[in-house]
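Data block below; observations after.
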Amino acid sequence: MGRHSLPDDAATGSTGEGRGSARRRTVALATALVLAVAGGTAIAVQRGLPTFSHSCAASAVRLDLVASPDVAPAVKAVADRARKEKITSDGSCMDVRVTARDSYKVAASFTSGAKPDFSVWIPDSSLWVDRAKDTSGSATVVTAGQVAASPIALAAVPATAKTLGWPQKTYTWAELAEATAQDGKGRLGSADPAHSAAGLLALSCIGRSAASRGPEGSTRTAALAKLLSQRVSDSDGQVAGTLARDNSAAETRDPRRNQAVVLSEQAAFAHNAARGAGQGVRLFYPKDGAAQLDFPYTMVREAGMSTNESRAAMRFLTLLGDPESVRVLAGQGFRTPGLPAVGPVASAAGGSSPQPYASATADPPSAQELQDALGMWTITVQSARLTTVVDASGSMAATVPGSGGRSRMEVTKASLLQALSQFTPEDEIGLWDFSTHLDGSRDYRRLVPTARLGDPAAGGRTQRDRLSAAFAALQPVPGGATGLFDTTLAAYKEATSTYARGKFNAVVLLTDGANEDPGSISRADLVAQLQKLTDPSKPVPLIAIAVGPDADKDEVQQIAKAAGGAGYQVNDPADIQAVILQAIMALGQAQHHG
5 MGRHSLPDDA
15 ATGSTGEGRG
25 SARRRTVALA
35 TALVLAVAGG
45 TAIAVQRGLP
55 TFSHSCAASA
65 VRLDLVASPD
75 VAPAVKAVAD
85 RARKEKITSD
95 GSCMDVRVTA
105 RDSYKVAASF
115 TSGAKPDFSV
125 WIPDSSLWVD
135 RAKDTSGSAT
145 VVTAGQVAAS
155 PIALAAVPAT
165 AKTLGWPQKT
175 YTWAELAEAT
185 AQDGKGRLGS
195 ADPAHSAAGL
205 LALSCIGRSA
215 ASRGPEGSTR
225 TAALAKLLSQ
235 RVSDSDGQVA
245 GTLARDNSAA
255 ETRDPRRNQA
265 VVLSEQAAFA
275 HNAARGAGQG
285 VRLFYPKDGA
295 AQLDFPYTMV
305 REAGMSTNES
315 RAAMRFLTLL
325 GDPESVRVLA
335 GQGFRTPGLP
345 AVGPVASAAG
355 GSSPQPYASA
365 TADPPSAQEL
375 QDALGMWTIT
385 VQSARLTTVV
395 DASGSMAATV
405 PGSGGRSRME
415 VTKASLLQAL
425 SQFTPEDEIG
435 LWDFSTHLDG
445 SRDYRRLVPT
455 ARLGDPAAGG
465 RTQRDRLSAA
475 FAALQPVPGG
485 ATGLFDTTLA
495 AYKEATSTYA
505 RGKFNAVVLL
515 TDGANEDPGS
525 ISRADLVAQL
535 QKLTDPSKPV
545 PLIAIAVGPD
555 ADKDEVQQIA
565 KAAGGAGYQV
575 NDPADIQAVI
585 LQAIMALGQA
595 QHHG
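5 is the number of the first residue of the sequence shown in this note's numbering; add one for each residue after it.
What follows is the structure in C-alpha cells.
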C-alpha cells in the first residue's frame, strides 16, 4: 500500500483551477497519503475533488467491501452516491459493492485459508482486525483509517432507568452492572462477548472497574458473567430485541424480557428511532469511561487487489469522510472520529446530562485484558459438572462467630444455595454428604445424583429444586467423625468414571476437620490412588475447601493437588460460594491455556 498514490480524479477540473494547479494539488495530496498509509494511519484530506460527466460503464473500478451490519447501510448510501454522481478514482468511476456481514464471522474466516471475497473490510471494532492478524499474519490486513465511532453504554427501559436514578445518578462500570444484574432492579442482557465487540469491551471494562475496587474484583466479575450468561443473545442484532417492548406491567414482569442491555450508542439510536417517543431506552454512560466501537477501514491485501483497486479503496475512504458522508453517518447515529460528541445524536440515543456522554472515552482494553475477559467468559459460562461433597460430622454443629448464633452447617448451606443460584440449567450438579459409618460401613451417602439442573424431577420439580431441598435438609450427625479419605476416593472414582466431555468436570469437597476414621485408607494411599486415576485428557480437578479454623489446610491442599486441583481454606463458611467460583475460574483457565 505504501507505494500507491492518491487517485488522480482531477484531470479535467470544474473548480476553476488550472490544469497545473490541479496536478500540483493531487501530487501534494498523494505524497501526504503515501506517508500516512505507510505509517499505518489515515489523514484528513481535501474533499470534493471534481468528477467526470461521461458514462462510467466501461471504466468503473469494482471494489467489494464487507461491513458490519450496523454501519453497512450508511456505507452503502455513500457507495450509491459515488455511482450516481460518477465520482472517480484515477479517471475511472467507482463501483463499490457493499455486503453486510457480522464482524466475528469475517474474523473467523481468516483461519480457513480461503482467499477473501472482498478487498475492504469495515468491522465494528479493531479487536476483530487484531484477531484476524493473529490467525493469518500481520501482512494480510492493514488499517488505513477510521470510518465512525460509537461508545458502549448500558441501555435501560424507562421504568428501570428511573429506578436506577437516570439521568442524575452516575455509576462506574462495576457499579452499574451489579445494580442491574444483582439488586433486583432489572434483568441485564448482552450479546455474547465471543461474538460481540460491544459485549466483550463492556465485560473487559467491568473487569477493570471491579479490579480497582479490591482483590475480590475477579471473583465478582466472574459471578456477574455467570448471571449474564443466562440472558445472553447470540449477536448484536438480536440483543435490543430482548428488551421489554413497552412500559406495561405484563412486559415489565415477563422473565423473557430484559430491562437493561449493553448496547452501542448507535444501536440505542436505531432502537429509539424505531420505537417512537416515550418508548425508547435511556442510556447510562459509565463515569469511569466508555469504551467505543471504532469502525476501522481495513485493506485486505490477500484479496489480490490491483493498483487501481487499491487507489479506489483509498479514494472511497476519503469520500466516507467528506461532509455529506459525515451527515449520512450522523443521521444513523454514528459519531465522527476525533470530534466532540454530537448532542443531538446522544440525546436521540437516550443520553441526557449529567450522564457523561461528552466526556473522554476510556482507554481501550489492552490485548491481554481482552484475552483475559474472553477466557474468563468462556470458562465461567461453560457448562459445569460438579459432584459436591459436604462434611456432615458433628463438628459442623459448632457456632460460627459473628453469625448471630448460626452453626457452621447452617452458614455452609446458605453459601451453597447462593452458589447454586449462579449455575445455569445446563450445569450438572450432584450432592453427597459424609461422616463416619453414615451408611452402614460406608462413610458417605449419595443424596442427589449428578444431573442437569434443568432436568425434570419427581413431583413436577427440577433437579435444581431437588438440590435446593437437599442442601436445606443437610444436618450434622451427632457424634459423627470426619470420614474424609474413603469418601474422597469414592467421589473421585465416580466423577472420573462418569466424565462428561465439553464440560468443566470437578469434585467440590467441603470439610471442617482432618480424617478421623482409623479404619480408612491412609493419606499416602489416597494420594497415590488419586494420582493414578487422573487423566490429562479427561481432567477432573478436586476443589477441596477446608472450612473453619480446625480444618487441616495442608491436608486438603495435598489431596487436591494429587487430583490436579487446588486446596483452599475459609474461616467463614459464608465465603464458600465465592471460593467455589474462584476455583472454577482459575482451574478452568488453566485447562483452557493448557
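All residues carry an ideal CB built from backbone N, CA and C; glycine is no exception.
Residue i and residue j look like a contact to me (Cβ under 8 angstroms); what is the Cβ gap, rounded to whole Å?
i    : j    : result
Q573 : A555 : 6 angstroms
V511 : L324 : Incorrect: roughly 57 angstroms between the Cβ atoms, too far for contact.
G282 : N276 : The pair is not a contact, with the Cβ atoms about 10 angstroms apart (cut-off 8 angstroms).
L514 : T416 : 7 angstroms
N262 : V65  : Not really, about 45 angstroms apart at Cβ, beyond 8 angstroms.
A271 : D74  : 6 angstroms
V124 : V304 : 7 angstroms
D437 : A396 : 4 angstroms
T302 : V146 : 7 angstroms
L207 : A183 : Not really, about 16 angstroms apart at Cβ, beyond 8 angstroms.
C209 : A366 : 6 angstroms
Q467 : A461 : 6 angstroms
Taking 7 angstroms as the cut-off, is the CB of residue i close to at least one heavy atom of the ligand SAM?
i    : result
S472 : Absence of the ligand SAM from the depicted structure is noted, as is the absence of any ligand whatsoever, leaving it without description.
Considering Cα atoms alone, identify which of the options is closest to residue i.
i    : options                : result
A570 : D576, I549, D443       : I549
T246 : A264, K230, V145       : A264
P171 : A350, L374, V415       : A350
A226 : L530, Q561, G211, R217 : G211
A165 : L287, V70, N519, F475  : L287
L205 : L297, K507, G280, P77  : L297
D292 : L69, A181, N519, S233  : A181
F508 : L228, R412, L546       : L546
S524 : E498, T486, P543       : T486
F475 : L421, I580, P369       : L421
G266 : R217, W381, D258, S194 : The question names Gly, but residue 266 is Val in the sequence shown. Here the closest residue by C-alpha is S194.
A148 : K565, G280, S357, P300 : P300
D99  : F114, S113, K119, S63  : S63
A159 : Y289, R105, S222       : Y289
A176 : A214, K565, P453, P197 : The amino acid occupying residue 176 in the given sequence is Thr; Ala does not appear at that position. Answer by Cα proximity: A214.
For the alpha helix (DSSP H) that residue i lies in, which residues bound it at each end?
i    : result
Y108 : 107 to 113
Q283 : Unbroken run through Q283: none, as it is neither H nor E.
I563 : 557 to 566
R87  : 76 to 88
S472 : 467 to 477
S600 : With the chain covering 5 to 598 only, the question about residue 600 has no answer from this structure.
P162 : 162 to 167
Hey, quick one: how far does the beta strand (DSSP E) through residue i stretch, first residue to last?
i    : result
M303 : 300 to 304
D395 : 388 to 395
T147 : 145 to 150
Q573 : 570 to 574
S96  : 96 to 104
R66  : 65 to 71
S268 : 264 to 268
W125 : 124 to 126
Spell out whether any CB of chain C is found under 8 angstroms from the CB atom of residue i.
i    : result
L297 : This model lacks chain C altogether, as it is built from one protein chain only.
Notebook entry, point to check: Taking contact to mean at least 3 C-beta pairs separated by less than 8 angstroms, is the segment 310 to 320 in contact with the segment 232 to 242?
Noted result: The segment 310 to 320, when compared against the segment 232 to 242, does not touch it at the 8 angstroms Cβ threshold.
Checklist line | Length-filtered (4 minimum) alpha helix (DSSP H) runs lying within the segment 336 to 379 | finding: If we require 4 residues or more, the alpha helix (DSSP H) runs fully inside the segment 336 to 379 come out as 347 to 353.
Note to self: Within 8 angstroms, do at least three Cβ pairs link the segment 358 to 370 to the segment 474 to 488?
What the structure shows: With a cut-off of 8 angstroms, the segment 358 to 370 and the segment 474 to 488 do not count as touching, because too few Cβ pairs lie within range.
Notebook entry, point to check: Which ranges would you report for the beta strand (DSSP E) in the segment 173 to 246 if only whole runs of at least 3 residues count?
Noted result: Counting only runs of 3 or more, we get 192 to 195.
Notebook entry, point to check: Is there contact between the segment 339 to 351 and the segment 96 to 110, where contact requires at least three CB pairs shorter than 8 angstroms?
Noted result: Counting Cβ pairs under 8 angstroms, fewer than three are found: no touch.
Checklist line | Contact the segment 191 to 204 vs the segment 126 to 134: 3+ CB pairs below 8 angstroms | finding: Between the segment 191 to 204 and the segment 126 to 134 there are three or more inter-stretch CB-CB distances shorter than 8 angstroms, so the stretches are counted as touching.
Notebook entry, point to check: Is there contact between the segment 376 to 393 and the segment 497 to 512, where contact requires at least three CB pairs shorter than 8 angstroms?
Noted result: Contact holds: three or more Cβ-Cβ distances are below 8 angstroms.
Margin query: Threshold first: 3 residues or longer. Then list the beta strand (DSSP E) segments lying entirely within the segment 401 to 445, N to C.
Written below: Positions of the beta strand (DSSP E) runs, each at least 3 residues long and wholly inside the segment 401 to 445, are given as 432 to 443 in order along the chain.
Notebook entry, point to check: Counting Cβ pairs, one atom from each stretch, are 3 or more of them under 8 angstroms apart for the segment 422 to 437 and the segment 451 to 458?
Noted result: Taking a cut-off of 8 angstroms for Cβ pairs, the segment 422 to 437 and the segment 451 to 458 touch, as three or more such pairs fall below it.
Note to self: Please give me, in chain order, every unbroken run of the alpha helix (DSSP H) with length at least 4 that falls completely inside the segment 485 to 553.
What the structure shows: Fully contained in the segment 485 to 553 are the following alpha helix (DSSP H) runs of length 4 or more, in chain order: 488 to 501, 527 to 537.
Checklist line | Meets three-Cβ-pair contact criterion under 8 angstroms: the segment 440 to 452 and the segment 491 to 498 | finding: A contact is defined here as three or more CB-CB pairs under 8 angstroms, and the segment 440 to 452 meets this definition with respect to the segment 491 to 498.
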